[in-house]
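Step one of this worksheet: look at the structure below.
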Amino acid sequence: MNHFTKFENKELSQKLIDLALAYKKEPRKDQHKGDGKRIGCIFLNPSLRTRVSTQLAASNLGVEPIVLNMDKEGWALEMREGEIMNKGTVEHIKDAAAVLGSYFDILAIRAFPSLTNREEDINDFVFGQFVRYSGKPVISLESAIRHPLQSLADQITIQEYCKKNENPKVVLTWAPHIKAIPHAVANSFAEWTLGMGHSLTITHPEGYELDPLFTKGATIETNQSKALEDADFVYVKNWSSFNDYGKILSTDPSWMLTEQSLSKAPHAKVMHCLPVRRNLELSDEILDGDRALVQKQAENRIYAAQSVISHFLDS
Amino acid sequence: MNHFTKFENKELSQKLIDLALAYKKEPRKDQHKGDGKRIGCIFLNPSLRTRVSTQLAASNLGVEPIVLNMDKEGWALEMREGEIMNKGTVEHIKDAAAVLGSYFDILAIRAFPSLTNREEDINDFVFGQFVRYSGKPVISLESAIRHPLQSLADQITIQEYCKKNENPKVVLTWAPHIKAIPHAVANSFAEWTLGMGHSLTITHPEGYELDPLFTKGATIETNQSKALEDADFVYVKNWSSFNDYGKILSTDPSWMLTEQSLSKAPHAKVMHCLPVRRNLELSDEILDGDRALVQKQAENRIYAAQSVISHFLDS
Amino acid sequence: MNHFTKFENKELSQKLIDLALAYKKEPRKDQHKGDGKRIGCIFLNPSLRTRVSTQLAASNLGVEPIVLNMDKEGWALEMREGEIMNKGTVEHIKDAAAVLGSYFDILAIRAFPSLTNREEDINDFVFGQFVRYSGKPVISLESAIRHPLQSLADQITIQEYCKKNENPKVVLTWAPHIKAIPHAVANSFAEWTLGMGHSLTITHPEGYELDPLFTKGATIETNQSKALEDADFVYVKNWSSFNDYGKILSTDPSWMLTEQSLSKAPHAKVMHCLPVRRNLELSDEILDGDRALVQKQAENRIYAAQSVISHFLDS
């Protein structure tokens, strides 16, 4: 693994999960492993959990984290080859990424999709340009199409709450939202859940099919009630249309997950990557009740990041 | 003390003052006391002194500070219970505070008042929601109604410059300003000065009465000249009207503190929390002269914060 | 040297270059030299390389860096003496600089020129006010008229690539740009190159003469082709007019540096401080080819800053 950008294989993922759980028990057990190393955390988009959890993860390993909010502290980067830079962009990604690569041992980058240029987003163009030109291991802090640290934290959480149930039924359900939301969390959750060998049912209104690249092997069921029956883990998430790219096709409130929605899934635990819009995506009753694992997922973000950084320190 | 949000009692405050003065002599004397601990400093409003002094204070104790400018780096938080979040707010305080609580050992939060919703401000609603949901000790970095770290630094400064004068006359005088300014610094200064047993005179134009919750026991005198006679410490501060909530009722320049204003207070030292608007609130001649303690107060912010953080490390 | 703001003399500069190269070989050789010390890095303007390289430099020496983006996290500072502060400025530089001076052991400050008030810019007014009132050693992170850390990094790079050529021909060439750009990098490069005893040719369209304060001793040649003949080092940079202050007099694309421009300088290495506008100032073919030293310069920024901070730790 040269970079951490996606699900690689079950064996490696299981290793990362196990290491994360070991760090959760004893966060500082490798506190000098990264002495003298630095990670540059570069945000082209806002962040709370991802930024802080990555800083804490690095610090637990003795790695010095430096955060760059390029969207606020820096300037507009040119991503395209061969451009005559006589407009708004101030620096080419080639030059900026190479400099950052020379300043840090590991880079971590967040680059959201445009949701307007499907072709570029599918190819993870902006994120890919950083990887291409930085010359150092790159950890994705969410790219246009994937959010692997979130997915690793999600799988850690599933493993923690799944001890007695070896073949959990995992359901990913679309939820309403008022904004056009990226596909990255949903894509990665499907990719990792399937990759770990779990059975996955995805439910969403028609027109909200995800990129088949990530969902191959999952059961697609447009009837939410039916999809949720006997679920063990229900992952709630909005995303905009992939086929009618970036569009909001529905805000149907009946898709909000409530206790009523789970009447036939008495043991279901409910997951969400946060930030969550209460009473739009998920009801207060669920978020404030015993089913909710959202705070556990958020806490596991620290150990997911710590496990991945630790892995790169070994290479 | 579960949180540091206000004056608690004279004994504890004296203990914090004495510890602060010990740290001022030897800033690193407890430099490993907080090893492995983290403080999350969350700003919903801008800061210079408060942010840096808290970072230095934490670092002096071995505590790792992480700063979050939520107003710039984060997103709008929903503060109200039960809202359907289909408008501008992206995350509920319940969820954000709980995550931050799980990431840090101590939280420190700045949340200014609206100055438009008196009821919510009086109840310190926003700050209170953080305290309610974070599950960790919270240090106020200025809330809607109090600024206790500033007041602790002010009392440290008064103690330093008051050695020969056991019963100093302390005066809090309103000063002109062009913006509607919160009551927090004035409230807290009154609360702490009275709590420490000092005699306090408050002077302001009519209509600028502060919340009696904080000023009970002080002498109110609307004639500034009379109030300043024989003063030992004069604290200069603007605030907007409390009764006609958030309004500017006067910008009368005769209330600016000058050498002339202090003609009958030859020994008076002059204090201000900074930032100060020169020649509007306070004259250059005073700020650049020997009476001014404003730089001492600013420096004492470090040791005030260090004393409070140290206190929480003991619990 | 009380502050690091400009070229002082050849002996000191050579010492700083040599120390920087020693740090480049062994970045952590003085890793405890600055234990317990803090540097406050104050940005009134955006930064990427300068901010990160200074943080890394400080950290290599055990010095704790704290970054303040005053342009974004702080508030507007009043720079003028005696002003009645009843407008947009919130704090006077006198007060803010003195507080920062009391919080840090070393300050580092970036303050760009207005490009509208020539008199103030020439006198480095804003930067000078910080120096005047901070009471601590100040390192320039680029002021209105100089960028000495960049120039030190540039001289380090020239020394590295100049081993066989004791008297290199150095050329500073103006390049087109679409924005009005400060003179600081060009001024400082001239000042340091001449100060180190190198021969310097400066080429630019008519009307782009730099302040003679910095260029005295250089050959001025308005024919770019002629200037570039047999050059060993070509420094490419745009600047706005100095005489017709802050104006853009030309965007003539024939001044962009290309391989064609260097047809009579086969061994020329090409330098730029970054960020560079590709295919406007410099062609892709040069930036992506073997002549380009731009990444080396950027990396040397770390060791330039480390050398200077180390120097102040000795005093």
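Protein chains in written order, with the working numbering: chain A, 1 to 315; chain B, 1 to 315; chain C, 1 to 315. Every residue gets a Cβ at the ideal spot worked out from N, C-alpha and C, and that includes glycine. Small disclaimer: the values here were computed from a predicted structure and weren't measured.
Chain-ordered neighbours of residue i on chain C, where CB pairs are closer than 7 Å
| i | result |
| --- | --- |
| A/I66 | V52, Q55 |
| B/S317 | Residue 317 of chain B cannot be examined here, being either before or after the span of chain B that is shown, 1 to 315. |
Neighbour flag for residue i against chain C, beta carbons, 8 Å
| i | result |
| --- | --- |
| B/N86 | no |
| A/K33 | no |
| B/I178 | yes |
Chain-ordered neighbours of residue i on chain C, where CB pairs are closer than 8 Å
| i | result |
| --- | --- |
| A/S102 | Q295, A298, E299 |
CB contact check: residue i to chain B, cutoff 8 Å
| i | result |
| --- | --- |
| A/S319 | In the structure as shown, chain A starts at 1 and stops at 315, and residue 319 of chain A therefore has no counterpart that could be examined. |
| C/H92 | yes |
From the options, residue whose alpha carbon lies closest to that of residue i
| i | options | result |
| --- | --- | --- |
| B/L100 | B/Q129, B/E166, B/E142 | B/Q129 |
| C/Q295 | A/A97, A/T5, A/L44 | A/A97 |
| A/L172 | A/M196, A/P212, A/T219, A/L213 | A/T219 |
| C/A153 | C/H32, C/R277, C/P266, C/R49 | C/R49 |
| C/R291 | C/H272, C/Q306, C/D95, C/L61 | C/H272 |
| A/I93 | C/G82, C/Q31, C/D284 | C/D284 |
| A/N117 | A/A144, A/S102, A/E91 | A/A144 |
| A/D232 | A/E160, A/G246, A/I181, A/P182 | A/E160 |
| A/P182 | A/F189, A/F112, A/A227 | A/F112 |
| C/I302 | C/K10, C/S59, C/V126 | C/S59 |
| C/S151 | C/G62, C/S188, C/L141 | C/S188 |
| B/K6 | B/S307, B/S225, B/P266, B/P148 | B/P148 |
| B/E142 | B/G135, B/D121, B/S307 | B/D121 |
| C/R51 | A/R51, A/L68, A/G36, A/V52 | A/L68 |
| C/D244 | C/L115, C/D30, C/N2, C/N86 | C/L115 |
| B/P205 | B/Q306, B/S225, B/D288, B/L213 | B/S225 |
Beta carbon proximity, residue i to chain A, threshold 8 Å
| i | result |
| --- | --- |
| C/D284 | yes |
| C/I158 | no |
Cβ pair residue i, residue j closer than 8 Å
| i | j | result |
| --- | --- | --- |
| C/A184 | C/R146 | yes |
| A/L21 | A/I106 | no |
| B/K72 | C/K72 | yes |
| C/F104 | C/R38 | yes |
| A/T54 | A/P176 | no |
| A/W75 | C/P46 | yes |
| B/N237 | B/A304 | The residue asked about is misnamed: residue 237 of chain B is Lys in this sequence, not Asn. Their beta carbons are not under 8 Å apart, which means B/K237 does not touch B/A304 by this criterion. |
| A/F4 | A/I139 | yes |
| A/S241 | A/K247 | yes |
| C/I66 | C/G40 | yes |
| B/S234 | B/L200 | In the sequence under discussion, the amino acid at residue 234 of chain B is Val, which differs from the Ser named in the question. Cβ distance not < 8 Å, so B/V234 and B/L200 don't count as in contact. |
| B/I309 | A/N279 | no |
| C/M196 | C/K15 | no |
| A/L228 | A/A265 | yes |
C-alpha gap between residue i and residue j, whole angstroms
| i | j | result |
| --- | --- | --- |
| C/Y208 | C/S263 | 24 Å |
| C/T89 | B/P275 | 10 Å |
| B/S315 | C/R277 | 56 Å |
| B/G217 | B/E191 | 10 Å |
| A/K269 | A/T222 | 21 Å |
| A/D124 | C/E281 | 29 Å |
| B/L77 | B/F43 | 12 Å |
| A/L324 | B/S13 | This structure cannot settle anything about residue 324 of chain A, because the visible part of chain A is limited to 1 through 315. |
| B/D18 | B/A108 | 22 Å |
| C/L194 | C/L61 | 30 Å |
| B/E64 | C/L56 | 18 Å |
| B/M79 | C/A298 | 45 Å |
Neighbouring residues, chain A, relative to residue i (Cβ below 7 Å)
| i | result |
| --- | --- |
| B/K72 | K72 |
| C/R28 | G36 |
Neighbouring residues, chain B, relative to residue i (Cβ below 9 Å)
| i | result |
| --- | --- |
| A/V276 | M85, E91, H92, D95 |
| A/L48 | L68, M70, E73, G74, W75, E91, A96, V99, L100 |
Under 9 Å by beta carbon: chain C residues contacting residue i
| i | result |
| --- | --- |
| A/G82 | R278, N279, D284 |
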